[in-house]
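In the working numbering, the protein residues as written are 56 to 330.
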């Protein structure tokens, strides 16, 4: 399950999304994630889902590979669904023993599950189609306006890119340590919650040691290459907008306008219904 997580990984292929400027993908991902909370009607979710499916098709990333990354959040998804399903008051739909399911709870559980799935897949799509180097350059370029208030933009972008790059590395390391512990007779599945938590200690300790060791090696490598921050640094391949990037901005603008319209339309419909 751990190796199935796709956030932070890069999928090598040639597609329109891979060739887009990283600034476009960063802004597009941010707008898409924000748009998921702009509407509360089926039409809005249908538009967001169609837009996500279109982006997946354009990325040439296998849909099965992307869905595989959902296994890592399946527990969080189930907890979210159950909490919204059983703890939301309203019109009773089903009632047995001490469990009550309401119409409002069912609707909220479905919408929250859709939002969470589309949010994770949308965020994964950005990292799957953008290399860490391009991601760093895009963040630095996109946040350069913060230099006016003396923000270390280059350092912030570098830290975020390194954090994303370390996700698949640490996941792979966790998988190796877990297999080694299982070979030595460790049991991570049986027992109650407290016992499972105690069983994770032999896994977490070597993982933290490995993470600090890798961080130290990375710092020494950057020092050996005379890294001194972003001041005066040049780019071998500077980011330049192409025609496809401007077309992508127009598509994003159209999608955002539709999302806002659907969100306002749902609010107006609810007001008219209450009246």
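Each residue gets a CB set at the ideal place from its N, CA and C atoms; glycine is no exception.
The model shown is predicted, which means the values in this text are computed figures rather than measured ones.
Minimum C-alpha distance to residue i - residue among the options
{"i": "residue 345", "options": "153, 157 and 180", "result": "Within the shown structure, residues of the chain are numbered from 56 to 330, placing residue 345 beyond reach of any answer."}
{"i": "residue 295", "options": "70, 69 and 78", "result": "78"}
{"i": "residue 315", "options": "82, 84, 94 and 69", "result": "94"}
{"i": "residue 177", "options": "239, 110 and 199", "result": "110"}
{"i": "residue 232", "options": "80, 138, 308 and 256", "result": "256"}
{"i": "residue 307", "options": "123, 239, 107 and 234", "result": "107"}
{"i": "residue 197", "options": "70, 69 and 80", "result": "80"}
Delimiting residues of the alpha helix (DSSP H) encompassing residue i
{"i": "residue 263", "result": "256-279"}
{"i": "residue 220", "result": "208-238"}
{"i": "residue 70", "result": "It is not in any alpha helix (DSSP H) - residue 70 carries neither H nor E in the DSSP assignment."}
{"i": "residue 83", "result": "77-90"}
6 Å Cβ shell around residue i - same chain, five flanking residues per side excluded
{"i": "residue 184", "result": "72, 73 and 114"}
{"i": "residue 319", "result": "none"}
{"i": "residue 195", "result": "208, 209 and 212"}
{"i": "residue 99", "result": "317"}
{"i": "residue 216", "result": "187, 190 and 191"}
{"i": "residue 116", "result": "66 and 183"}
{"i": "residue 221", "result": "none"}
Other residues of its chain near residue i: CB distance less than 8 Å, five sequence neighbours each side excluded
{"i": "residue 155", "result": "141, 147 and 149"}
{"i": "residue 104", "result": "169 and 173"}
{"i": "residue 151", "result": "none"}
{"i": "residue 132", "result": "125, 168, 171 and 172"}
Integer-rounded CB distance, given that residue j should sit under 8 Å from residue i
{"i": "residue 182", "j": "residue 64", "result": "6 Å"}
{"i": "residue 254", "j": "residue 272", "result": "No, residue 254 and residue 272 are not in contact; Cβ-Cβ is about 29 Å, not under 8 Å."}
{"i": "residue 102", "j": "residue 317", "result": "7 Å"}
{"i": "residue 128", "j": "residue 164", "result": "That pair is no contact at about 16 Å."}
{"i": "residue 266", "j": "residue 225", "result": "6 Å"}
{"i": "residue 219", "j": "residue 190", "result": "7 Å"}
Same chain, Cβ closer than 7 Å to residue i, neighbours up to 5 away in sequence not counted
{"i": "residue 161", "result": "140 and 148"}
{"i": "residue 192", "result": "77, 290 and 294"}
{"i": "residue 313", "result": "102"}
{"i": "residue 311", "result": "86 and 90"}
Cutoff 8 Å: residue i Cβ touching any chain D Cβ
{"i": "residue 69", "result": "In summary, chain D is missing from the structure at hand, where a single protein chain is found."}
* To do: Just list the alpha helix (DSSP H) runs in the segment 104-191, keeping only unbroken ones of 4 residues or longer that don't cross its boundaries, in chain order.
  => Complete alpha helix (DSSP H) runs here, min 4: 118-123, 129-141 and 158-183.
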